[in-house]
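All remarks here apply to the structure that follows.
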Amino acid sequence: MNILFMKVTLRASWVHSLKEKRMIVKSVTQKLKNKFNISVSEAYEQDVHKTIVIGIAGICSNSAQSDSTMENLITFIENNTDAEIIDIQREDIRV
Numbered sequence: 001m002n003i004l005f006m007k008v009t010l011r012a013s014w015v016h017s018l019k020e021k022r023m024i025v026k027s028v029t030q031k032l033k034n035k036f037n038i039s040v041s042e043a044y045e046q047d048v049h050k051t052i053v054i055g056i057a058g059i060c061s062n063s064a065q066s067d068s069t070m071e072n073l074i075t076f077i078e079n080n081t082d083a084e085i086i087d088i089q090r091e092d093i094r095v
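Taking this note's numbering, the leading residue of the sequence shown gets 1, the next gets one more, and so forth.
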C-alpha cells in the first residue's frame, strides 16, 4: 500500500479578490474529491489572491497505481482550471 502526497501551486493572474479565488479553489477541490475520491484542501497562501496551493492525499494499492494517479491528477487540474501550474511537489510513501 502507498500513501500519495502532493502539493500543487497554481497562479491565477486574473484574480483580483479573495472571493474570486475562493470560487476557483472550491470548484477545483470539489471536482478532484468527486472524481478521484481523495482528500484535498487549500494548504498555504490563503490570503494571497493570485496564488493557490492545494494539498492532496490519497491511498493507492501499489506504486504503479500511485504514479498513474499523480499523472491523472495533474492532467485533471490542467484541464479544469485556467490557472497555471507553477510547482508540483510529490511524495509517495510505501507502507
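Even for Gly, the Cβ is constructed at its ideal location relative to N, Cα and C.
Computed from a predicted structure; not experimentally measured.
query, result
"Per DSSP, the bridge partner or partners of Lys7", "Gly55, Gln89"
"Residue interval of the beta strand (DSSP E) (run including Glu71)", "Note, Glu71: premise wrong, no beta strand (DSSP E); alpha helix (DSSP H) at 63-80."
"Rounded separation between Arg22 and Glu42 - CA only", "9 Å"
"Whole-angstrom distance between Ile59 and Asp67, CA atom to CA atom", "12 Å"
"When Ala64, Thr75, Ile24, Arg94 are compared against Val53, the one with the closest alpha-carbon", "Ile24"
"Collapsed DSSP secondary structure at Asn34 in the structure displayed", "helix"
"Contact check, Ile93 vs Thr9, beta carbons under 8 Å", "no"
"Residue range of the unbroken beta strand (DSSP E) whose run includes Glu42", "39-42"
"Option nearest Lys35 by Cα separation, candidates Arg90, Leu73, Glu20", "Leu73"
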